[in-house]
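The structure appears below as structure tokens.
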Amino acid sequence: MIENKSSLSDYAIRQFLLAQLPSSHQSPLEVSLLTNEQFEQRVRLAEFAVVDDYVCGRLTKSERTLFENNFLITEARADLLTVSRALHQRCAGVTTGHSLAEAQLLTGIRTHWRIAFAAVLILVLLGTAWIGIRKEPQIKEAIVRQFVRKPSQPETRPTDSHHSTNTSNPQHTRESAPLPEHARVNPQLVTPKPDRANAPSIVPSASKDAAVRLVLPLRIDPSDEYYAEVLTAQGEPVFTAKADGSAQGSLQVDVPAGLLKPGEYNVRVVNARLKQTEMTYYFRVQ
Amino acid sequence: MLPARKIHELRQEEFDRLLNWLDADRDQAAELYEKIRWRLISILASRGCRVPEELADETIDRVARRVPDIESTYVGDKAIYFLGVMNNVHHEYLKRPLVSPTLQLVGRSDDGQERALACLDQCLEKLTPTSRVLIERYYATDKRAKIDLRKRIAETFGIRAGTLRLRALRIRQKLQVCVHRCIEVSAGPI
């Protein structure tokens, strides 16, 4: 029965092919078949399907009778049956087991790839974790350096390539990260000297948040800004910060103690406006 | 209106005029002609007609003979005109004395089946590798076990089961045309 079903449904088409479509549905389907290319294609494909079902024994007894009496009445449809039988015979004889095995093989291959991918992913995660554990101090140091180090001098300065040379414009000076509040409360004081021979030595505190306050004697212009650059003896930048000029006759800058490894350092005081070094000082860390 | 003559009396000029009425392009017209014929046969068969091909051809014959009268005035889908004529032809057929069907098409000779198998092999060779694998797998198993296997085949090809069915049937359609031609050629001229 096809009540409550569309007159153009697959079921209706099947009934149409078996000459069992109720008359109320017959006329709309006929018009659609004659005027609708897509519907015609559906009917054509349904013919193959019903023939396949017949060959494979998927029709009921009454459907088989209808098929033989009402469907199989043209040479063209007999040809469909012939080819369908040949196709089933050929494919069943040659590829039944084969196709199953192939399908299983393909499924197996895909499973293997999934397992392999998962294994690689786990290895990468484990490797990353191992590196993180083993290299933790170096990584930490590298991160700190990234924040506190002045970047290497570009061949072309920003003011040459991108910015106006008008000195009234703000200068681009990158400062190191400010010290934490508690480190600034009790810094270790040192007064670097302008001559290397008399450079003072310090032993920085091992405390993680400790700081060394560099006191740099200098007569300054209060209207100018000054930066202090701490470099190793080899000229490698260690720390850069805006110097505090509020103290009478000197500039002060706090350096994280953790950045100061044993060795010689020089401190370059730069006038931000004039972009020139005002003084260089020296100190040692033991 | 002139009574329709038998189809074998349809003259070439009438047939040409019919094609020209269907479409100015000869190839398009021939294709449309075949489609309309197939549709008429399907409709007649679905009405329980025992000789649908004969009545479809009778219908086309009558339409061809009437083309000179209608070609300048007829408006609308031409296929619908065929439907109207076919209804008349079918109505007349139903008035005829009942004749037992003579076609017995379920069984084909072993010879014919062998020929079909040979042609099928040739036609399978002509398919693309993907189409061939798909159609072979689709038709690989028998009976009701197919459903599960087809789900798996669809997964293998990364398509839905409904899409697999449609693709398989379209490949099947191509195979049908190919095998039919092959059988015709191997049977030689009638």
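The listed protein sequences correspond, in order, to chains A and B. Using this note's numbering, the first residue of the first sequence is number 266, and each one after it goes up by one. Using this note's numbering, the first residue of the second sequence is number -15, and each one after it goes up by one. Backbone N, C-alpha and C define an ideal beta-carbon position, used for all residues, glycine too. The structure presented is a predicted model; accordingly, all values stated were derived computationally and were not measured.
- Nearest CB-CB separation between Gln354(A) and chain B: below the 8 Å threshold.
- Around the beta carbon of His164(B), a 10 Å sphere encloses 16 or more other beta carbons of the protein chains shown; the residue is thus reported as buried.
- For the 8 Å CB-CB criterion, Asn536(A) and Glu543(A) form a contact.
- Taking Ile485(A) as reference, the option from Ser470(A), Ser515(A) and Ala471(A) with the minimal CA-CA separation is Ser515(A).
- In the assembly as shown, Glu168(B) is an exposed residue. Its beta-carbon has fewer than 16 other beta-carbons within 10 Å.
- Note that the region 322 to 329 of chain A does not touch the region 141 to 156 of chain B; fewer than 3 beta-carbon pairs, one per stretch, sit closer than 8 Å.
- If you compare the alpha carbons of Leu390(A), Arg538(A), Leu299(A) and Gly523(A) with that of Pro469(A), the shortest gap goes to Gly523(A).
- The beta-carbon separation of Tyr17(B) and Leu(-6)(B), rounded to 12 Å, does not stay under the 8 Å limit for a contact.
- The Cβ-Cβ distance between Asn301(A) and Gly32(B) does not fall below 8 Å.
- When the Cα atoms are used, Leu294(A) and Arg355(A) turn out to be separated by approximately 35 Å.
- Contact between the region 297 to 317 of chain A and the region 149 to 160 of chain B is established, with three or more Cβ pairs separated by less than 8 Å.
- Contact between the region 315 to 326 of chain A and the region 43 to 59 of chain B is absent: fewer than 3 CB-CB pairs across the two stretches fall below 8 Å.
- If you look at Glu494(A), you'll find it in the beta strand (DSSP E) that goes Tyr491 to Thr497.
- Secondary structure remark: continuous alpha helix (DSSP H) runs of at least 4 residues inside the region 28 to 104 of chain B, in chain order: 36 to 54 and 62 to 79.
- Proximity of chain B to Arg309(A) at the Cβ level (cut-off 7 Å) is accounted for by Gln157, in chain order.
- Your pair Ala471(A) and Gln453(A) does not check out as a contact, with CB atoms roughly 11 Å apart and the cut at 8 Å.
- Rounded to the nearest angstrom, the Cβ distance from Val316(A) to Ser349(A) is 5 Å, consistent with a contact under 8 Å.
- Using a CB distance cut-off of 8 Å, Val348(A) counts as an interface residue toward chain B.
- Considering only Leu111(B), His75(B) and Val59(B), the residue with the shortest C-alpha distance to Cys162(B) is Leu111(B).
- Ile143(B) sits in coil when the DSSP states are folded into three classes, being neither helix nor strand.
- For Ala476(A), no alpha helix (DSSP H) encloses it; the enclosing beta strand (DSSP E) starts and ends at Ala476 to Pro482.
- Using a Cβ-Cβ cut-off of 8 Å, Pro113(B) does not count as an interface residue toward chain A, since no Cβ of chain A sits closer than that to its own.
- When secondary structure is reduced to three states using DSSP, Ala506(A) falls in the strand class.
- Within a 10 Å sphere around the beta-carbon of Glu340(A) sit fewer than 16 other beta-carbons, which makes this residue exposed.
- Spanning the alpha carbons of Val117(B) and Ala394(A) requires a straight line of approximately 46 Å.
- Contact annotation for Gln97(B) against chain A: Thr347, Arg350, Ala351 and Gln354 [CB-CB distance below 9 Å, chain order].
- Judged by DSSP in its simplified three-state form, Leu539(A) adopts coil rather than helix or strand.
- When secondary structure is reduced to three states using DSSP, Gln285(A) falls in the coil class, being assigned neither helix nor strand.
- Across the set Lys540(A), Arg538(A), Val518(A) and Lys526(A), the C-alpha of Val518(A) shows the shortest separation from the C-alpha of Val532(A).
- The Cβ atoms of Phe548(A) and Pro457(A) lie closer than 8 Å to each other.
- Within chain B, the C-beta atoms nearer than 7 Å to that of Ala314(A) come from Leu153, in chain order.
- Bounds of the alpha helix (DSSP H) holding Ser327(A) are Lys326 to Leu331.
- Counting along the chain, Asp0(B) sits inside the alpha helix (DSSP H) bounded by residues Gln(-4) to Leu6.
- Ala284(A) reaches chain B at Ala29, Ser30, Arg31 and Gly32, counting residues in chain order whose Cβ is nearer than 8 Å.
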